[in-house]
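Asks: Before I ask anything, here is the structure I am working with.
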Amino acid sequence: MAWIRRHLLAIVAFLVLFYMLLPNMVVILFSFNKPNGRYNYQWTQFSLDAWTNPCGAPGMCPALGLSLQIGLIASIVATILGTAVAFALGRYRFKGRAGTNLLIFMPMATPEVVMGSSLLTLFIALGIPTGRTTILIAHIMFCLSFVVVTVKARIASLDPRLEQAAADLFANEYQTFTKVTLPLVAPGIAAGALLSFSLSFDDYIITNFNASPASVTFPMFVWGAAQRGTPVQINVIGTVMFLASLAIVGVAQLVNARRSRVKVA
Amino acid sequence: MATESSGDLRLIDITKRYETFTAVDNLSLVIPQGSFFALLGPSGCGKTTTLRMVAGLEQPTVGRILIGDRDITDTKAYQRNVNTVFQSYALFPHLSILDNVTFGLRRRGVSDYKAKAMEALELVQLAHIAKKKPAQLSGGMQQRVALARAIVNRPDVLLLDEPLGALDLKLRRQMQIELKRIQSEVGITFVHVTHDQEEAMTMADTIAVMNAGRLEQVGDPGVLYENPATTFVANFLGQSNLLKAEVVGTPGELADLDVHGTKLRLPTPRLVEGVQTMWLGVRPEKLRLVNGDGTGVEDGLNSLTGTVTDASFTGLATNYLVRLPWGQELAVVQQNDGMPRASVGTSVTLAWAPEHSFALDSRQDAHAGAQDQADDTGAA
Amino acid sequence: MATESSGDLRLIDITKRYETFTAVDNLSLVIPQGSFFALLGPSGCGKTTTLRMVAGLEQPTVGRILIGDRDITDTKAYQRNVNTVFQSYALFPHLSILDNVTFGLRRRGVSDYKAKAMEALELVQLAHIAKKKPAQLSGGMQQRVALARAIVNRPDVLLLDEPLGALDLKLRRQMQIELKRIQSEVGITFVHVTHDQEEAMTMADTIAVMNAGRLEQVGDPGVLYENPATTFVANFLGQSNLLKAEVVGTPGELADLDVHGTKLRLPTPRLVEGVQTMWLGVRPEKLRLVNGDGTGVEDGLNSLTGTVTDASFTGLATNYLVRLPWGQELAVVQQNDGMPRASVGTSVTLAWAPEHSFALDSRQDAHAGAQDQADDTGAA
Amino acid sequence: GSKGRAAAGGGTPTAKAAPTDMSEQDKVVNWSNWPEYIDVNDKNQTHPSIDAFTKQTGIKVNYTEDYNDNDEFYAKVRPLLAAGKDTGRDVWVSTDWMASRLIRLGYAQKLDLANIPNHGNVEDSLANVPWDPGRLYTLPWQSGFAGIAWNPKATGGKKVESVDQLLTDPALKGKVTLLTEMRDTVGLVLMAMGKKLASFTDADFDAAMAELQKAKDAGQIKGFTGNDYTKPLAAGDTAACFAWTGDVVQLKADNPNLGYALPSTGYTLWSDNFVIPALAQHKKNAERLINYYYDPKVMAMVVDYVNYIAPVKGAKEFLVKQDPSVAQNPLIFPSPDVLAHSQVFKGLDPVTETKYNKKFQALISG
Amino acid sequence: MAEIGALAAASEHHKPARRGRWTPYLLLVPGLLWLVIFFVLPTLSLASQSLQTGSVDTGYTMTWNWQTYTEALSLYWPQFLRSLFYAGSATVLALLAGYPLAYFMAQRAGKWKNLLLVAVIAPFFTSFLIRTLAWQIILNNDGIVSTVARKIHFTDLLQFLHLTQTNQLMASPFAVICGLTYNFLPFMILPLYANLERLDARLVEAAGDLYASPVQAFRRVIWPLSLPGVVAGTLLTFIPAAGDYINSRLLGSTQTVMIGQVIDGQFLQVLDYPTAAALSFLLMLTIVVLVALYVRRSGTEELV
Ligand SMILES: Nc1ncnc2c1ncn2[C@@H]1O[C@H](COP(=O)(O)OP(=O)(O)OP(=O)(O)O)[C@@H](O)[C@H]1O
Ligand SMILES: Nc1ncnc2c1ncn2[C@@H]1O[C@H](COP(=O)(O)OP(=O)(O)OP(=O)(O)O)[C@@H](O)[C@H]1O
Ligand SMILES: NCCCCNCCCN
Ligand SMILES: [Mg+2]
Ligand SMILES: [Mg+2]
């Protein structure tokens, strides 16, 4: 009992963590299922079928490809645009700062249905057909704010004296930017890009408003599949994504940890 | 490209105004090539601003800055042959120590940058950690890297803005010796900003004391210490006891002064011209504690009698406070060289040679410079 | 609830082990009620750990802690009548100064907490800024708030962990006086940890010097300084010149020692028992610089002859290095009391009274405690 | 003002054909259909009839089961149709009333009957519908009934055979789903109230809606679904529901305990129809596909699997030959008696349709 | 990815320098233009749409038809309130669950810290739809969870609280809130973590030193200091949760329909654009007002 009281915080923390990871466990488990019929909701039998034939579910791999493609383009564009805005906000004093900040904040304070539907309203009004392009436009739009906030925070934590030191050491404005500022802000930019990718890759609500039947993203495929019976392959993809992100985030953390460990030393 | 021409650093009538505030006020200075120059003054007096103008990180509102005959006032920071060692070191955290040190050389296209950098690192005895990142080093080591990073460029002038401020006492003393050694080895002009008067006095050839954006006094450390020109310098550089004195006559080499009824003397040339009432200044270590009855006082010495109100042992010395009959307390320092100490409450006589005192215009504030630094009633 | 019982603070055979590392090693100490006690030692020697065990923030692995007769070893931090002034101040940034100071009182349900807090703020002369937030204050002011916040609880013991470490020199000296004044006013037991030996010596009634988790010496500042028990204390507390000496005879009150062929003397009781070869120690300020030919040396004094290799003016005093014939350099400090100074290169005689030197076992490392603090070749 | 205007705005209900039909260059046809609406080889999840078509004609069929619900599908393709853009589909399968709307708005292309020689095989009863006289735009794919299905695991072994029971039995509370298909859901309730689907009034409609609202407010109804009712039904998360006949028969293959009932009060009869949308890129291939399925032998193969009613003459004969047991299946071979108890929802003019839709949508999406 | 926490730390420490008069605008233009065209304009378009009358097939005209708003509200206010209630509950639950975990990671985890952080962030990258579908399996009527919940009378408790109407977990308010909590938990944890990591542990010790028991230390020191993280986390959870309909669609019933679902249906099924637009606009307005009030009350304006 005393042991429990002493470790109460750890126990609660691990319960919460369990809660967070439980669905992933289920996804992994059911990627090895051999369902009885078209619905993969009950454990029937162990099988590697889905793993050996991951693209066996018709339409899934193209959807996955489209999502990856959109995620990539959207995060690159959003990162470029957002980083520029973040630099303007973090590095310059200019008229309209407050307005800019508000404009950046608003998309984050707007529910996805509203953003998705309003964009659709615009596209309808302008007679722009929905599809890959409209999805991209939407994704870049909602990723932008997250990039700005992430990069801006990094810029704000940047010691201005480092740039002065560069100037003092004969670096002109351009060299100062490329040799000192950019490398130092890079982790923030990378974080913004990663965040964008995950937001884009995962988005269903906004995408569904602005997609066309010809542009089915992975989440849309999952949604559709959920209506008519999810193929086991979806769990395979879910598992791969989970493991890949574990690896990526893990490596990133390791690098970070090494850096900060050094700092502590 | 910075030119290789060198010479004295000259600030001519420099003023720097920020919106409403004048940080540096009509400052003129000549800093001889190759000298170790210290800039001293209370917080906010404009030391950093002055350095930043020399570095080119700030533009003077008025005035010119020259190195030798070359006017660099309008030259950009990266075009000046001037380098800075920042108080915070400002090492690039993403670059290795070696890359930090080669940074300036590579910007200027020096070809054998690596060899030069290693040489500089050897000078600061850090060649063995060239591959590490700044975060892996201790404060003292980072300090030395910052120094190497600046020195490797052989600038005309090296600016040091409280480079030792963040180090602890012992490390600080050690780095002072190091800095001094390096300066004499490389022969570059050092302009050193510090809060620590002892540091300034032990290291510098010349000290400039600044106050509120203006220059108070410039000169050899000994001269500044023994003969301060203002009450500010007297109080800021070490401690001074200032006694209100009235000139009563100048019979010869020594002038007669009346201090609360006691006759004291001062070499006549030291009197402040055209002023009758003045501050008679004497440093705590110049006062000798003698028996209360004044019997031990040699002829020709000034003396005053009072009561010891505080004695505190600091190891090397003992600090006393002695209250004079009119209530003023004088600070007295006596080296613990084995002479008997006075204890609190006993009556003592303080004696000193007339030539160990100085005079200042009594219209100046007797406390200027004393509170200044300790004044922390405003926000940090 | 903390009880109001009070008394001496006693640490009995305290050991604190972290996994593999022993931070405090079998330490026993008695700190008399109402005393100002200083804990001194190099970085990492276990000072903070000791304090934290007293505060209840850390549990000793072995040993008991008592205040008066009350064993508080197993009492929780918030139940001990002990308060701490942290080096970082650890003021609550979200609370006003007043709320910071009332914090402890309110936790204990004291009813007139506001009046008491204002009283404490007046004690540290900050009553006028009670409504401000910590971030609006300078370092010195924050320091005083931290002090008020602790003192207002009238703890049995007040622990101060380098409370002045972050302040600059002048402010530090001023705060030292303030602290001392407050301690004598409130009469609480102060346990003060510091890196600054001068601070410890001026402030404390008793000093304990720690090294690597163990106690080196405890005693009156003057005794520790004049008669260190180990080379560590000799070097750590101020500076010492240690000369290798051989006892050649103990004719009477004074023993005869041979130091590199020169005969020097030392009061016989000071000899280390049972040891033939020892370190003869003498403090830099005890050495008197006399003419090179030794003519001015009074009878009965020890004397050595050497050459001045360095002289540095610090205002108050001048520090010299004098090289002896066998290559050893002695540090000499001479107060700038107006006596003529020796210049570098001249030959001088150093003289001191035999009773101003001490002896230590020569099997101890002559450099113990000297490098210790300045060593920064490892990462900080 | 918004420019979101239908092509029909101009009043010319003729769907645009693609500028050039890509059928010859591009041997594909893109077909959107409802789930569980085609034959499946359970071993490898392929569609034998489609594979045979490809083998025969060299035309690849991109078969997508993304038609879950008429309204939802319409909402998906409407912006494209309205904007005069290709929908990416060459043919899909819409229920009668939706097919009627598509023709009315000029979103459906006229069939080139020359490409569909099997056109004449359409069942006589379906050859002339009011909204497409002579079947110039559409041809039926399958017909079927909407009735009630249940999973005994979730009902506690209970059968659910009437609409009343479905809407009120406390044992089913919170475990009932109804269809988002207004004509089926409201139709079943209207019939249970004794109304005729060909002649009910607005007041009857409102009464049926009130009935549904009551059940919903009581927490009886878990949800309104398109064709996606099947998974929870099979899983037992849904105890009982309105369902389309063939679906349940297919589900029974995996889960024989599932129950199915055509309520004695009546049930809806409907057809889903091939529609070739405006601007379809492979119209000719689509017509070849339709023609292919109008071969009675092929249709028999499909019907044998999906268990709906074949609209193609002669299919039954083949089926009986192939698999005599299905001849007994009243769902595939509804007896006249079974047919007599089925009803067809009356045609609605656009204004009434909008009015009913709005009320029904408020019910299901609120 | 803990940079999400940057939201909490986005206050500006360094006053930006003033350089180049045109550079900032050049940097801003592309990004802001994007937002103006694809966020502001659509929002205005939405506002305009909400006041038009007509139908998809006949086109719309602007008639300043405010009635759409009153009609939409009178029809759908329950879904509105429900959304706010579910989102609010999920936010509170996420805070209750996320705080201990974030605190543990930030202050107690030691060398496990990074591993835990990875575990928290990784699911974030796994399609949330897939994970939400997994909840269907977990809460499934015959599942272990449901069986246990019935056995320990947890379902009865839920029924008493009106969080389910039957003895099952699925298709209930409970399932929806549980899913919302789950889905937005990382958005709560990361800002909290970022904040708590910077919490000076010495302040907690100081509180203990000043006689605060652990509970008091939490209430008087840790909690107030973590408020910026709490505010950032609750906003990042509440805002998207209020507009979400995935969870209510996949885990709920007709009794749990949220406003996002209504908007989605009105847009994509009913094709009643004015009503849909009016509802969207109302939702946005509600959230902006709530956020503004909340941020003001919690005194962390500098957050945005
Ligand atoms: N950018 C600025 N805008 C307005 N005032 C400024 C600016 N920079 C400096 N100042 C003011 O100029 C004065 C001089 O500042 P400076 O940094 O030169 O002082 P300093 O002598 O270096 O002080 P310290 O010893 O504390 O470093 C200060 O009062 C400061 O507030
Ligand atoms: N939690 C811990 N785990 C392991 N070792 C520790 C821990 N806390 C302290 N130590 C070690 O114990 C030794 C004593 O630490 P302590 O903080 O008491 O030193 P200190 O005398 O206060 O030093 P300083 O003057 O630098 O503050 C150090 O070597 C330190 O590394
Ligand atoms: N699985 C195929 C179901 C087809 C249902 N068609 C809808 C008809 C609506 N009345
Ligand atoms: Mg400065
Ligand atoms: Mg310590």
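So the protein lines, in turn, are chains Z, G, D, U and V.
Under the working numbering, think of the first position of the first sequence as 1, with each following residue one higher.
Under the working numbering, think of the first position of the second sequence as 266, with each following residue one higher.
Under the working numbering, think of the first position of the third sequence as 646, with each following residue one higher.
Under the working numbering, think of the first position of the fourth sequence as 1026, with each following residue one higher.
Under the working numbering, think of the first position of the fifth sequence as 1392, with each following residue one higher.
All C-beta atoms in this analysis are idealised placements derived from N, C-alpha and C, irrespective of residue type, glycine included.
#1: Among the candidates D:Met-846, D:Ala-890 and D:Val-769, whose CA atom is the shortest distance from the CA of D:Val-831?
#2: Given a limit of 7 Å on CB to CB distance, which residues of the segment 161–186 of chain Z reach chain G?
#3: Three Cβ pairs or more, each shorter than 8 Å: is that satisfied between the segment 1657–1665 of chain V and the segment 1245–1259 of chain U?
#4: Could you tell me the distance, in whole angstroms, from the CA atom of D:Leu-684 to the CA atom of V:Pro-1514?
#5: Around the C-beta of U:Gly-1219, are 16 or more other C-beta atoms found within 10 angstroms, so that it is buried, or is it exposed?
#6: Is D:Lys-661 a contact residue of ligand 5, with contact defined as CB to any heavy atom under 7 Å?
#7: Fully enclosed by the segment 1136–1165 of chain U, which alpha helix (DSSP H) runs are 4 residues long or longer?
#8: Tell me, please, whether the CB atom of V:Leu-1571 is closer than 8 Å to any CB atom in chain D?
#9: Flag this pair as yes or no: are the beta carbons of G:Val-417 and G:Val-366 separated by less than 8 Å?
#10: Distance cutoff 8 Å, beta carbons only. Does V:Gln-1440 sit that close to anything in chain Z?
#11: Residue ranges of each alpha helix (DSSP H) run of no fewer than 4 residues wholly in the segment 1634–1659 of chain V, ordered along the chain?
#12: Give a yes or no on whether 8 Å exceeds the smallest Cβ distance from Z:Asp-159 to chain G.
#13: So which of G:Gly-603, G:Thr-570 and G:Ser-577 has the shortest CA-CA distance to G:Arg-588?
#14: Per DSSP, which residues does U:Pro-1104 bridge with? Please list them.
#15: Express the C-alpha separation of Z:Gly-37 and U:Tyr-1319 in angstroms, rounding to a whole number.
#16: Candidates U:Arg-1129, U:Trp-1166, U:Gly-1083 and U:Ser-1048: which alpha carbon is nearest U:Asn-1298's?
#17: Helix, strand or coil for G:Gly-603 per DSSP?
#18: Quick test of the definition: if touching needs 3 or more C-beta pairs under 8 Å, does the segment 1504–1521 of chain V touch the segment 225–242 of chain Z?
#19: Given the structure, does U:Arg-1208 come close to ligand 3, in the sense that its CB is under 7 Å from one of the ligand's heavy atoms?
#20: Let me check one thing: in DSSP terms, what residues is G:Leu-331 bridge-paired to?
#21: Closer than 8 Å by C-beta to V:Tyr-1451: which residues in its own chain qualify, once you throw out the five before and the five after it? Chain order, please.
#22: Looking at U:Thr-1163 and ligand 3, is the gap between the Cβ and the nearest heavy atom below 7 Å?
#23: Can you find a CB in chain V that lies within less than 8 Å of the CB of D:Glu-664?
#24: Got a sec: does ligand 1 put a non-hydrogen atom nearer than 7 Å to the Cβ of G:His-457?
#25: Does DSSP put Z:Ser-196 in a helix, in a strand, or in coil?
#26: With distance defined between alpha-carbon atoms, name the residue in U:Ala-1040, U:Val-1065 and U:Val-1053 nearest to U:Leu-1276.
#27: Can you find the residues in the same chain that come closer than 8 Å, C-beta to C-beta, to D:Leu-961, ignoring five residues on each side of it along the sequence?
#28: Quick check on DSSP: helix, strand or coil for G:Ala-633?
#29: Please state the DSSP three-state secondary structure of D:Asn-856.
#30: If you follow the beta strand (DSSP E) that U:Lys-1247 is part of, which residue opens it and which one closes it?
#31: Straight-line CA distance for U:Val-1201 to V:Thr-1557?
#32: Pull up the CB-CB distance for Z:Ile-70 and Z:Leu-136, whole angstroms please, since I reckon it's below 8 Å.
#33: Hey, G:Asp-630 and G:Thr-496: beta-carbon distance below 8 Å or not?
Replies: Taking the definition as stated:
#1: Stepping through the third sequence from its first residue, residue 831 of chain D is reached at position 186. That would be D:Val-769, whose Cα lies nearest to the Cα of D:Val-831.
#2: Arg-161, Leu-162, Gln-164, Ala-165, Ala-167, Asp-168, Leu-169, Phe-170, Ala-171, Asn-172, Gln-175, Val-180, Pro-183 and Leu-184
#3: no
#4: Along the third sequence, one-based indexing puts residue 684 of chain D at 39. Along the fifth sequence, one-based indexing puts residue 1514 of chain V at 123. About 51 Å.
#5: Locating residue 1219 of chain U in the fourth sequence gives position 194, where the first residue counts as 1. Flag for U:Gly-1219 reads exposed.
#6: In the third sequence, the residue the question calls residue 661 of chain D occupies position 16. No, the beta carbon of D:Lys-661 sits no closer than 7 Å to any heavy atom of ligand 5.
#7: 1149–1152
#8: Within the fifth sequence, numbered from 1, the residue matching residue 1571 of chain V stands at position 180. Closer than 8 Å: no.
#9: On the second sequence, position 152 is the one that residue 417 of chain G refers to. On the second sequence, position 101 is the one that residue 366 of chain G refers to. In this structure, G:Val-366 lies closer than 8 Å to G:Val-417 by Cβ.
#10: For this step, residue 1440 of chain V is matched to residue 49 along the fifth sequence. For V:Gln-1440, the answer is yes, since a Cβ of chain Z falls inside 8 Å of its Cβ.
#11: 1637–1642 and 1650–1656
#12: Position 159 of the first sequence, counted from the start, is the residue given in the question as residue 159 of chain Z. Taking Cβ atoms only, chain G reaches closer than 8 Å to Z:Asp-159, which makes this a yes.
#13: In the second sequence, counting from the first residue as 1, residue 588 of chain G sits at position 323. Cα-wise, what sits closest to G:Arg-588 is G:Thr-570.
#14: For the purposes of this step, residue 1104 of chain U is identified with residue 79 of the fourth sequence, where counting begins at 1. Looking at the DSSP assignment, U:Pro-1104 forms no beta bridge with any residue, so it has no partner.
#15: The residue labelled residue 1319 of chain U in the question sits at position 294 within the fourth sequence. The residue labelled residue 37 of chain Z in the question sits at position 37 within the first sequence. Near 29 Å, if we compare the C-alpha coordinates of Z:Gly-37 and U:Tyr-1319.
#16: The residue you call residue 1298 of chain U lines up with position 273 of the fourth sequence. When only C-alpha atoms are compared, the closest one is U:Trp-1166.
#17: Counting from 1 along the second sequence, the entry for residue 603 of chain G is found at position 338. Looking at G:Gly-603 - three-state DSSP - the assignment turns out to be coil, as it is neither helix nor strand.
#18: yes
#19: Start at 1 with the first residue of the fourth sequence, and residue 1208 of chain U comes out as number 183. Indeed, a heavy atom of ligand 3 lies less than 7 Å from the Cβ.
#20: Numbered from 1 along the second sequence, position 66 holds the residue referred to as residue 331 of chain G. The partner list for G:Leu-331 (beta bridge, DSSP) reads G:Arg-275 and G:Asp-336.
#21: For this step, residue 1451 of chain V is matched to residue 60 along the fifth sequence. Counting only Cβ-Cβ distances below 8 Å, and skipping sequence neighbours, we find Gln-1440, Gln-1443, Thr-1444, Gly-1445, Tyr-1664 and Pro-1665.
#22: Residue 1163 of chain U sits at position 138 when you count from the first residue of the fourth sequence. Outside the cutoff, so no.
#23: Indexing the third sequence from 1 puts residue 664 of chain D at position 19. No, no contact with chain V.
#24: The residue given as residue 457 of chain G occupies position 192 in the second sequence. For ligand 1, not one heavy atom lies less than 7 Å from the Cβ of G:His-457.
#25: The sequence position of residue 196 of chain Z within the first sequence is 196, counting from 1. Helix, per DSSP.
#26: Looking up residue 1276 of chain U in the fourth sequence gives position 251. Minimum Cα distance to U:Leu-1276 is reached at U:Val-1065.
#27: Your numbering for residue 961 of chain D matches position 316 in the third sequence. Cβ within range, chain order: Gln-980 and Asn-981.
#28: Translated into positions along the second sequence, residue 633 of chain G becomes position 368. Coil.
#29: Taking the first residue of the third sequence as 1, we reach residue 856 of chain D at position 211. D:Asn-856 falls in the strand class under three-state DSSP.
#30: The residue labelled residue 1247 of chain U in the question sits at position 222 within the fourth sequence. Counting along the chain, the beta strand (DSSP E) containing U:Lys-1247 begins and ends at 1246–1250.
#31: Mapped onto the fourth sequence, residue 1201 of chain U falls at position 176. Mapped onto the fifth sequence, residue 1557 of chain V falls at position 166. Distance between the alpha carbons of U:Val-1201 and V:Thr-1557 is about 12 Å.
#32: Position 70 of the first sequence, counted from the start, is the residue given in the question as residue 70 of chain Z. Position 136 of the first sequence, counted from the start, is the residue given in the question as residue 136 of chain Z. The pair is a contact, with the Cβ atoms about 6 Å apart (cut-off 8 Å).
#33: Along the second sequence, read from residue 1 onward, the residue named residue 630 of chain G stands at position 365. Along the second sequence, read from residue 1 onward, the residue named residue 496 of chain G stands at position 231. Yes; because the gap between Cβ atoms is below 8 Å, this pair is in contact.
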